[in-house]
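Trainee: Got a structure here, written out as structure tokens. Questions coming.
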Amino acid sequence: MVQEIKENAVYTTQEAQDLLKISESTVKRLLKRGILRANKVGGQYRIMGKEILRLISPELERKSEDIYMKIKKRAVDVINKWPQ
Numbered sequence: 008m009v010q011e012i013k014e015n016a017v018y019t020t021q022e023a024q025d026l027l028k029i030s031e032s033t034v035k036r037l038l039k040r041g042i043l044r045a046n047k048v049g050g051q052y053r054i055m056g057k058e059i060l061r062l063i064s065p066e067l068e069r070k071s072e073d074i075y076m077k078i079k080k081r082a083v084d085v086i087n088k089w090p091q
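Mapping of the sequence shown onto the numbering used here: residues 8 to 91, in sequence order.
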């Protein structure tokens, strides 16, 4: 059953995990890296629906690709400057 993600709803990490069909460790990694933003309430993370929707939007994918290409270019530039 496909569940609708409501923009203004608040989800637990378990609910986000179920909605995105990802593991607990992946949710933790996304939170730690700031890819998925959340607030900590009573020692537990709460995630807004709009954050989950932002995560799965195509626009985010394009931004991620742009960031990856910039990092890759910098790495290649550094490697090319190494003495041979």
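Cβ atoms here follow ideal geometry from the backbone N, Cα and C, with glycine treated the same way.
Between which two residues does the beta strand (DSSP E) harbouring residue 42 extend?
Mentor: Element bounds for residue 42: n/a, residue is neither H nor E.
Trainee: Answer yes or no: do residue 59 and residue 27 have a C-beta to C-beta separation smaller than 8 Å?
Mentor: yes
Trainee: Considering just the uninterrupted stretch of the beta strand (DSSP E) at residue 54, what are its terminal residues?
Mentor: 51-55
Trainee: Mind checking residue 63: buried by the 16 CB within 10 Å criterion, or exposed?
Mentor: exposed
Trainee: Under a three-way DSSP split, which group does residue 47 fall into?
Mentor: strand
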